[in-house]
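Engineer:
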Amino acid sequence: MSEAPAAPPAGSADRARQDGIGLLLRPPEPRAGRRLLPARVVAMCAVELQKLRHDRTELYTRAVQPALWLLIFGQTFTRIKAIPTDGIPYVDYLAPGIIAQSAMFIAIFYGIQIIWERDAGILNKLLVTPTPRSALITGKAFAAGVKSLIQAVVAIVIAAVLGVALTWNPLKLLGVGAAVILGSVFFSCLSMTIAGIVLSRDRLMGFGQAITMPLFFGSNALYPVSIMPGRLQAVSRFNPLSYQVDALRGLLLGTHAHLAADFGVLVVAAVLGITAASSLLGRLAR
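Count along the sequence shown from 1, then add 456; that gives the number in this note's numbering.
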């Protein structure tokens, strides 16, 4: 006859019972936030980009504006030759500025979406999850950057069709993508920061319209900084759009640029924007 199986030691059974009771009384410690933060940022970015699958109208309508700038404004001022561009055809000089402008115009009204999420009750549900507020803001900001990158590709294609002498170096194009995304992160965070202050879509629309043109015309997107009035030159030095355009011109056209300083300013501006927007996110949920 086979022997009956030996009973487990009493000590191990007592230990398992104590561990089980301990898990009921004390939940397991969560993983460190530093390990979860990148995954949550990517998840929030993916959720935002899923909206493009359902409605691509914004991408199509946004493509009209850079086309008009390059086809009408760029071609006209190329013939007039009224703006000094160091021998570069004006439409070539203009193209990086229009790429930056189209990306900014997408990002600068991104706060309207977060106010809509507040009104629909979505934001409150997101804020009660363990996801840090900085991850929510960063995910939304990088989603705005990806949307702007798609818009930038459209503008680059239009510029190439018009005969603009752009570079096709893969490394430089990666730098172009990085500059577009970093600039869009800052401007989308600026929009979400304003949303956290004004708390209203109508007010945000007013503020957005009030600052987009000064940001655009107070940069080097349309003309060199050297021909600006002295006060406008001072404003341009504090305008992140100027550094974004300078980086895009240096990468796409091969003109003289300060790429290290340009990307340094864009990174610092993006970090400050995420910090400011994250600190004001709670006001939208009140």
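All C-beta atoms in this analysis are idealised placements derived from N, C-alpha and C, irrespective of residue type, glycine included. Everything numeric in this text was worked out from a predicted model, so none of it was measured.
Does DSSP put G729 in a helix, a strand or coil?
Structural biologist: The sequence position of residue 729 within the sequence shown is 273, counting from 1. Correct three-state label for G729: helix.
Engineer: Under 8 Å: do the segment 722-739 and the segment 690-705 share three or more Cβ pairs, one atom per stretch?
Structural biologist: Taking 8 Å as the limit for Cβ pairs, the verdict is that the segment 690-705 does touch the segment 722-739.
Engineer: Count the C-beta pairs between the segment 566-573 and the segment 527-534 that are closer than 8 Å, then say yes if the count reaches three, no if not.
Structural biologist: Touching, no, given that fewer than three Cβ pairs across the two stretches are closer than 8 Å.
Engineer: Measuring alpha carbon to alpha carbon, tell me which residue in L688, S604, A616 is nearest A551.
Structural biologist: Taking the first residue of the sequence shown as 1, we reach residue 551 at position 95. Here the closest residue by C-alpha is A616.
Engineer: Where does P545 fall in DSSP's three states?
Structural biologist: As a working mapping, residue 545 is identified with position 89 in the sequence shown. Coil, per DSSP.
Engineer: Let's see if you can read the secondary structure: which residues bound the alpha helix (DSSP H) around L660?
Structural biologist: By 1-based counting over the sequence shown, the position of residue 660 is 204. Its alpha helix (DSSP H) spans residues 657-673.
Engineer: In chain order, what residues of the same chain have a beta carbon less than 8 Å from the beta carbon of D702, not counting five sequence neighbours either side?
Structural biologist: As a first step, residue 702 is located in the sequence shown; it is residue number 246 there, counting from the start. Closer than 8 Å at the Cβ level, and outside the excluded window around D702, lie N676, A713, H714, D718.
Engineer: Return the chain-ordered ranges of every alpha helix (DSSP H) run that is complete within the segment 680-712 and spans a minimum of 4 residues.
Structural biologist: As far as the segment 680-712 is concerned, its whole alpha helix (DSSP H) runs of at least 4 residues are 686-693, 696-708.
Engineer: What residues in its chain sit with their C-beta under 6 Å from that of K628, if we drop five residues either side in the sequence?
Structural biologist: Position 172 of the sequence shown, counting from 1, holds the residue named residue 628. L707, listed in sequence order.
Engineer: Does D658 pass the burial test, meaning 16 or more other C-beta atoms within 10 Å, or should it be called exposed?
Structural biologist: Position 202 of the sequence shown holds residue 658. Counting Cβ neighbours within 10 Å, D658 comes out exposed, since fewer than 16 surround it.
Engineer: Start and end of the alpha helix (DSSP H) containing W572?
Structural biologist: Along the sequence shown, read from residue 1 onward, the residue named residue 572 stands at position 116. It spans 567-576 - the alpha helix (DSSP H) in which W572 sits, taken as one unbroken run.
Engineer: Tell me whether S644 is buried or exposed, calling it buried when 16 or more other Cβ atoms sit within 10 Å of its Cβ.
Structural biologist: One-based indexing of the sequence shown puts residue 644 at position 188. With 16 or more other Cβ atoms within 10 Å, it is buried.
Engineer: Note down, in chain order, each residue of its chain lying with its Cβ closer than 7 Å to the Cβ of N580, except the 5 sequence neighbours on either side.
Structural biologist: Start at 1 with the first residue of the sequence shown, and residue 580 comes out as number 124. These residues qualify, in order along the chain: A741.
Engineer: Three or more C-beta pairs under 8 Å: does that hold for the segment 545-563 against the segment 639-655?
Structural biologist: Short answer: they touch.
Engineer: To which residues of the same chain is Y549 closer than 7 Å at the C-beta, ignoring the five residues directly before and after it?
Structural biologist: Taking the sequence shown and counting its residues from 1, one reaches residue 549 at position 93. Counting only Cβ-Cβ distances below 7 Å, and skipping sequence neighbours, we find T541.
Engineer: Which whole-angstrom value describes the C-beta separation of A666 and A608, a residue pair presumed to lie in contact below a C-beta threshold of 8 Å?
Structural biologist: In the sequence shown, residue 666 corresponds to position 210, counting from 1. In the sequence shown, residue 608 corresponds to position 152, counting from 1. Contact doesn't hold; Cβ gap of about 25 Å is too wide.
Engineer: What would DSSP say about K628, mapped onto helix, strand or coil?
Structural biologist: Here the question's residue 628 lines up with position 172 in the sequence shown. Note: K628 maps to helix in three-state DSSP.
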